[in-house]
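Using the working numbering, read the sequence shown as starting at 176 and increasing by one per residue.
The beta carbon of each residue, even a glycine, is placed where N, CA and C say it ideally should be.
Because the structure is a prediction, the values reported are computed rather than measured.
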Amino acid sequence: MTKVLVIGSISDLGLIGLAQKVESPEIHYLLLGGGDATQLGKYGVTKVYTLSAQVDEASLAETLVNLISTNNYSVIITPPVNKYFKTTIPIAAQKTSAPVLVDVLDLKQGGNTFEVTLNGVGNRAQVTVKVTDRVFLMAPPARFKPVEKVTTVTTESLQPKAITGIKVVSTEEKPKGKVRIEDAELIVSVGRGFKKQEDLKLAFELAEVLGAEIGCSRPIAADLKWLSEDHWVGLSGHKVRPKLYMAVGISGQPQHLAGMMESKTVVVINSDPNAPFFKNCDYGVVEDLYKFVPALTKKLREILKK
Numbered sequence: 176m177t178k179v180l181v182i183g184s185i186s187d188l189g190l191i192g193l194a195q196k197v198e199s200p201e202i203h204y205l206l207l208g209g210g211d212a213t214q215l216g217k218y219g220v221t222k223v224y225t226l227s228a229q230v231d232e233a234s235l236a237e238t239l240v241n242l243i244s245t246n247n248y249s250v251i252i253t254p255p256v257n258k259y260f261k262t263t264i265p266i267a268a269q270k271t272s273a274p275v276l277v278d279v280l281d282l283k284q285g286g287n288t289f290e291v292t293l294n295g296v297g298n299r300a301q302v303t304v305k306v307t308d309r310v311f312l313m314a315p316p317a318r319f320k321p322v323e324k325v326t327t328v329t330t331e332s333l334q335p336k337a338i339t340g341i342k343v344v345s346t347e348e349k350p351k352g353k354v355r356i357e358d359a360e361l362i363v364s365v366g367r368g369f370k371k372q373e374d375l376k377l378a379f380e381l382a383e384v385l386g387a388e389i390g391c392s393r394p395i396a397a398d399l400k401w402l403s404e405d406h407w408v409g410l411s412g413h414k415v416r417p418k419l420y421m422a423v424g425i426s427g428q429p430q431h432l433a434g435m436m437e438s439k440t441v442v443v444i445n446s447d448p449n450a451p452f453f454k455n456c457d458y459g460v461v462e463d464l465y466k467f468v469p470a471l472t473k474k475l476r477e478i479l480k481k
């Protein structure tokens, strides 16, 4: 029996589907953010850990290291699209001398060897990695579906391990949108085709009519700071899988494509007919966004009566 620890919120149940790919798994769950622990027993989770207090990334990493060492977990699974995990997991992995594999597509086990399939080269190839010891896996929960296997769940509250030498002076929550962009079904994404920050209102008006979230390419968030990193779609940003991804004024470099290639329908609006994005879309519009987007928004308002 292989011991597997899944870490996430109650909305990350898909990760249990990845855990179930392990041979004869004993699945435990570190539940963050609250929720009904008994719900996890529906999918074969036998033990659920909760935290007795809120923790920062460093404290969670120390708590996780202690938990892994005590219970000897072979596979630790977390969501990738969260800065909290992007900080915590590398710390824990380094302290437990284990590799971290990101953007996992599949998992197979043969004896003591784990064969992990990953997205690679900006979603343009698949890479297979073999691991013979403990491993951390980061994967989008929506990619997997757990099989129902009702079990009895026991719960245990963990006392977070305090970090000495560091004092938190204040904590201020970062403003967030109504949903996480990685959960959005419709996204209107903006790029350097917009000349000024105030011109982004054209995209916001379009998104409002569609009921969509706003995404952006790297320069808009990282370089120009026109939008926060919560909106950043790409290899170093968020990875999204919406039903509709509308790219406005984005050239379509590999780094950006890596974050949205699993979108169901992709629409590109760009004045440059040679923009790389046109080779990776379902529908392409070669037109000045300053002319086309307002016209599209107006037409959609009429059709949708908004």
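Between residue 187 and residue 179, the C-beta spacing is not below 9 Å.
For residue 320, the three-state secondary structure derived from DSSP is coil. In this structure, the CA atom of residue 196 is about 42 Å from the CA atom of residue 378. Within the DSSP secondary-structure output, residue 284 pairs in a beta bridge with 289. In the three-state DSSP reduction, residue 238 falls in the helix class (H, G or I). Straight across, the Cα-Cα distance linking residue 427 with residue 466 is about 21 Å. Under the DSSP assignment, residue 408 falls outside any beta strand (DSSP E); it carries neither an H nor an E label.
Listed in chain order, the non-local C-beta contacts of residue 452 below 7 Å within the same chain comprise 422, 425, 426, 427, 443, 445, local neighbours out to five positions each way being set aside.
With contacts defined by Cβ atoms closer than 9 Å, residue 380 and residue 359 do not form a contacting pair. Collapsing the DSSP output to three states places residue 248 in coil. By the Cβ rule, the region 281-296 does not count as touching the region 262-270, because fewer than three pairs are nearer than 8 Å.
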